[in-house]
Amino acid sequence: MKILVSAKRVSDPNAKLSISGDRRWIEGDVEYVMNYFCENAIECALQLAEEHGDIETIALGIGESDETARFIRQGALARGIDRGILVVADEQTTDSDLIARIYAAVVEREQPDLVLIGKQAVDGDSNQVGQLLAEYLGWPQATFASKLERDGDQLVVTREVDGGLETLALSLPCVVTADLRLNEPRFAPLAGIMKAKKKPLEELELSDLELDDAQPKVRIVHMSAPAGRKAGMIVKDVEDLIAKLRGEARVL
Amino acid sequence: MSKVLVIADHDHGVLKKLTLNTVAFAGHYAEKTAGSFDIAVIGHGVAGVAQAVTSYGAAAVHLVDHPDLAHPLAGPWAKVIADLATAIGADVVCMSASSIGKDVLPRVAVRLQAGMASDVVEIVTTSEGLAFRRPMWAGNLMGDVIISSPTKVVSVRSAAFDAVALGAGSSPIVASSAHPDAAGARVHFVSFDGTASSRPDLAEASVVVSGGRGLKDRFNSVMEPLADILGAAIGASRAAVDDGYAPNDYQVGQTGKVVAPQLYFAVAISGAVQHLAGMKNSKVIVAINKNADEPIFKVADYGLVADAFVAVPELVSKIKLLRA
Ligand SMILES: Cc1cc2nc3c(=O)[nH]c(=O)nc-3n(C[C@H](O)[C@H](O)[C@H](O)COP(=O)(O)OP(=O)(O)OC[C@H]3O[C@@H](n4cnc5c(N)ncnc54)[C@H](O)[C@@H]3O)c2cc1C
């Protein structure tokens with residue numbers, strides 16, 4: 001069995017962001033981290049491999065060459081993923097649809113049985129790639145997974161949905177998108193970091209993938225800061241809080 | 001002239017109010033493009049839902065009723081939505097960013113060769129045409145995006161659009177011939193473990209009271225009386241859900257529900273960016289936290305620095321007295 005997992009870097013969500021001069025992206029000394037949901041996808045692949053054996057795991061990263069390669073090695077290969085594929089692309093202008101088409105082209109080359117993708121990237125927050133990919137491939141999907149079990153060539157996946165938890169049974173090949181409660185991602189062991197340096201990492205250009213068209217369908221034309229809230233007040237006690245909520249706020 | 005297709009949200013035959021927020025989005029878009037909108041109701045045994053949406057200004061209400069659509073599986077739903085959109089010549093397909101909307105809409109986009117914008121909060125006019133404004137980076141930045149494909153798919157953040165009011169007109173109900181593929185599906189619904197609650201829906205409530213990790217295993221005993229007295233829905237931080245004090249669908253935030261009620265209580269919640277992403281557009285925010293330095297106080301209109309185990313019961317009994 002072969003599993004393809006996502007390894008996307010994102011700017012550190014806790015860092016202060018500034019908008020670039022042309023107001024179409026962010027700029028400055030941005031610190032990057034592995035997208036949290038990709039960490040869950042990677043962990044899930046590793047656990048399946050440990051549990052069932054005979055599973056090859058491959059991490060796919062899309063982005064600028066050196067930086068993305070570093071994240072594939074440190075975030076995925078060092079944790080135990082067998083090998084990496086880097087597709088060099090401009091992170092600012094690739095939309096979810098183009099990312100999904102890149103994934104589909106890699107699936108075409110690698111023929112994995114399962115694609116595990118983080119349910120969303122915490123920069124763009126679009127929550128689309130796994131679903132888009134599943135449709136491009138004509139595969140079933142289970143999004144927002146918080147539990148996954150393999151039973152032969154079936155997966156039983158529990159999903160976090162509005163109103164509770166839903167369980168689906170899927171036959172392979174399929175796409176699963178990982179939610180945060182799927183597992184506790186491991187840290188890369190020191191030995192893993194050493195080993196990662198020697199693991200294969202294939203670098204591909206967009207042109208190697210022979211996409212019909214490499215244009216995005218969605219582009220950012222303007223970025224702005226959200227409307228801020230005006231500073232509130234600290235109330236003295238419960239009595240005071242009730243008075244404010246009944247009086248000026250008129251919500252009680 | 002545009003044609004917008006709204007996919008109704010319903011819970012096995014009961015209309016969800018957030019559909020009316022999506023209709024508001026569709027109405028705005030139609031108005032800006034001198035167009036009109038239709039509503040589609042998809043499922044099995046959902047004629048009642050179609051009937052329930054006939055008085056909100058839609059040019060037509062399409063009913064796609066089929067046994068294989070009873071459960072909202074993304075593949076079959078996407079197929080019928082895309083087929084219907086093509087049949088009526090829709091150039092925008094939208095649904096709320098509910099868990100079904102998020103699951104299904106991207107597949108619709110692929111079928112229609114459309115670009116998709118997620119979680120749209122506003123339609124903005126730019127020199128390059130109409131753009132969709134959407135939160136990015138957990139709502140710390142807003143991006144205006146232009147979709148260049150002829151057909152566009154949008155998931156709508158319901159909290160950003162006021163629900164449309166019931167109108168006088170009566171939209172005709174059209175039975176659609178769209179149908180799912182008969183071919184053997186490779187995915188099956190197994191079970192649903194619902195969070196039983198008699199309280200208002202979190203995404204629709206006008207008062208939401210959320211509790212955090214600080215409440216520990218007293219989460220319910222602190223939050224339920226407060227929700228009862230305010231007629232509120234209960235929400236939670238991710239940490240409270242992770243630690244098992246609250247069910248998953250209570251989670252408010254970047255990866256949970258996004259709410260914008262008239263009144264929001266954050267009790268023993270620190271105010272991490274990911275939590276703020278789900279509630280900072282609430283009308284009035286109250287924070288109760290024992291640590292005065294927490295970031296939640298930066299967004300709260302009214303902050304009370306106190307031990308929640310003492311302050312919340314006191315608040316409940318004082319409100320009770322007022323109402324007695
Ligand atoms: C990718 C990603 C997505 C995330 N998505 C979400 C999301 O959707 N929603 C979300 O909420 N979080 C989300 N988080 C987690 C978020 O970063 C925080 O960890 C979480 O919100 C913290 O929850 P909390 O405030 O309950 O817990 P803590 O940060 O531990 O805060 C507990 C608070 O309780 C207070 N307290 C303790 N005891 C009392 C008492 N007796 N009385 C009064 N106050 C008390 C403390 O002062 C403290 O402020 C996400 C994180 C990541 C990485």
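Taken in sequence, the protein lines are chains F and V. Residue 52 in this note's numbering sits at position 52 of the first sequence, and the numbers go up by one each step. Residue 156 in this note's numbering sits at position 156 of the second sequence, and the numbers go up by one each step. Backbone N, C-alpha and C define an ideal beta-carbon position, used for all residues, glycine too.
For chain F, is any of its Cβ atoms less than 7 Å away from the one on residue i?
{"i": "L263(V)", "result": "yes"}
{"i": "V190(V)", "result": "yes"}
{"i": "D144(V)", "result": "yes"}
{"i": "L226(V)", "result": "no"}
{"i": "Y302(V)", "result": "yes"}
{"i": "R218(V)", "result": "no"}
{"i": "L141(V)", "result": "yes"}
{"i": "A175(V)", "result": "no"}
{"i": "G167(V)", "result": "no"}
{"i": "R213(V)", "result": "no"}
{"i": "P106(V)", "result": "yes"}
{"i": "A131(V)", "result": "yes"}
{"i": "G42(V)", "result": "As written in the sequence, residue 42(V) is Ile, which differs from the Gly given in the question. Not closer than 7 Å to any Cβ of chain F, the Cβ of I42(V) fails to qualify, so no."}
{"i": "G194(V)", "result": "yes"}
{"i": "I147(V)", "result": "yes"}
Distance cutoff 7 Å, beta carbons only. Does residue i sit that close to anything in chain V?
{"i": "Y136(F)", "result": "yes"}
{"i": "A15(F)", "result": "no"}
{"i": "A214(F)", "result": "no"}
{"i": "M223(F)", "result": "yes"}
{"i": "N127(F)", "result": "yes"}
{"i": "V161(F)", "result": "yes"}
{"i": "L98(F)", "result": "no"}
{"i": "V157(F)", "result": "no"}
{"i": "G124(F)", "result": "yes"}
{"i": "Q131(F)", "result": "yes"}
{"i": "A7(F)", "result": "no"}
{"i": "E176(F)", "result": "One point to set straight first is that residue 176(F) is Val, not Glu, in the sequence displayed. For V176(F), the answer is no, since every Cβ of chain V falls outside 7 Å of its Cβ."}
{"i": "S20(F)", "result": "no"}
{"i": "L165(F)", "result": "yes"}
{"i": "A121(F)", "result": "no"}
{"i": "V251(F)", "result": "yes"}
Does the separation of the CB atoms of residue i and residue j fall below 7 Å?
{"i": "G139(V)", "j": "A277(V)", "result": "yes"}
{"i": "A100(F)", "j": "L132(F)", "result": "yes"}
{"i": "N14(F)", "j": "G118(F)", "result": "no"}
{"i": "I3(F)", "j": "I62(F)", "result": "no"}
{"i": "V161(F)", "j": "S99(V)", "result": "yes"}
{"i": "L77(F)", "j": "K199(F)", "result": "yes"}
{"i": "V329(V)", "j": "P226(F)", "result": "The shown model of chain V, from 1 to 324, leaves out residue 329(V), and the question about it has no answer."}
{"i": "S65(F)", "j": "C38(F)", "result": "no"}
{"i": "A196(V)", "j": "R157(V)", "result": "no"}
{"i": "M1(V)", "j": "A34(V)", "result": "yes"}
{"i": "V120(V)", "j": "R134(V)", "result": "yes"}
{"i": "A232(V)", "j": "V208(V)", "result": "yes"}
{"i": "S245(V)", "j": "V164(V)", "result": "Sequence check: residue 245(V) is Tyr here, not Ser. No, the pair does not count as a contact, with Cβ atoms beyond the cut-off."}
Going by DSSP, name the residue or residues bridged to residue i.
{"i": "D122(V)", "result": "It should be noted that the sequence gives Glu, not Asp, for residue 122(V). Its beta-bridge partners are R133(V)."}
{"i": "T143(F)", "result": "Answer is none; T143(F) lacks a bridge partner."}
{"i": "T93(F)", "result": "BP columns for T93(F) are empty, so no partner."}
{"i": "C174(F)", "result": "L114(F)"}
{"i": "M223(F)", "result": "G143(V)"}
{"i": "S11(F)", "result": "Y32(F)"}
{"i": "M95(V)", "result": "S155(V)"}
Would you say residue i faces chain A, with C-beta separation under 7 Å as the test?
{"i": "P189(F)", "result": "The chain labelled as chain A is not found among the protein chains of the depicted structure, namely F and V."}
message: If the cut-off is 8 Å on Cβ atoms, which residues from the segment 238-250 of chain V count as contacting chain F, listed in chain order?
response: R238, V241, D242, P247, N248 and D249
message: Using a Cβ distance threshold of 8 Å, determine whether the segment 2-10 of chain V contacts the segment 25-41 of chain V, with at least three qualifying pairs required.
response: yes
Sufficient close CB pairs (3 or more, under 8 Å) joining the segment 37-45 of chain F to the segment 175-188 of chain F: yes
- request: Indicate whether the contact test is met: 3 or more Cβ pairs, each with one atom in the segment 47-60 of chain F and one in the segment 12-32 of chain F, closer than 8 Å.
  value: no
Within 9 Å of chain V by C-beta, residues of the segment 229-247 of chain F in sequence order: R229, K230, A231, G232, M233, I234, V235, K236, D237, V238, E239, D240, L241, I242, K244, L245 and R246
task: Please list the residues of the segment 266-284 of chain V that have a C-beta atom closer than 8 Å to any C-beta atom in chain F, keeping them in chain order.
output: V273, Q274, K280, K283 and V284
message: Within 8 Å, do at least three Cβ pairs link the segment 261-274 of chain V to the segment 188-208 of chain F?
response: no
query: Can you find at least 3 beta carbon pairs, one from the segment 197-216 of chain V and one from the segment 8-27 of chain V, that sit closer than 8 Å?
result: yes
field: Interfacial residues, the segment 56-82 of chain V to chain F, with Cβ spacing under 7 Å
entry: A74, G75 and A78
- prompt: If contact means a Cβ-Cβ distance below 8 Å, which residues of the segment 309-322 of chain V contact chain F?
  reply: A311, E314, L315, K318, I319 and L322
query: Using Cβ-Cβ distances below 7 Å, what residues of the segment 192-219 of chain F are close to chain V?
result: K217, V218 and R219
query: Along the segment 196-207 of chain V, what residues have a CB closer than 7 Å to any CB found in chain F?
result: none
- prompt: If we count Cβ pairs, one from each stretch, closer than 8 Å, do we get three or more for the segment 200-211 of chain F versus the segment 245-256 of chain V?
  reply: no
- request: May I ask you to verify whether the segment 21-28 of chain V touches the segment 61-68 of chain V, counting CB pairs closer than 8 Å and requiring at least 3?
  value: no
message: At a CB distance below 9 Å, what residues from the segment 73-96 of chain F approach chain V? Give them in sequence order.
response: D95 and S96
- request: Give, in chain order, every residue of the segment 45-61 of chain F whose Cβ lies closer than 8 Å to some Cβ of chain V.
  value: none
message: Check whether the segment 213-222 of chain V and the segment 163-183 of chain V are in contact - that is, three or more C-beta pairs closer than 8 Å.
response: no
message: For the structure I just gave you, are there three or more beta carbon pairs, one from the segment 304-311 of chain V and one from the segment 280-296 of chain V, closer than 8 Å?
response: yes
- request: Evaluate the contact criterion for the segment 123-134 of chain V versus the segment 142-152 of chain V: three or more CB pairs, one atom per stretch, below 8 Å.
  value: yes
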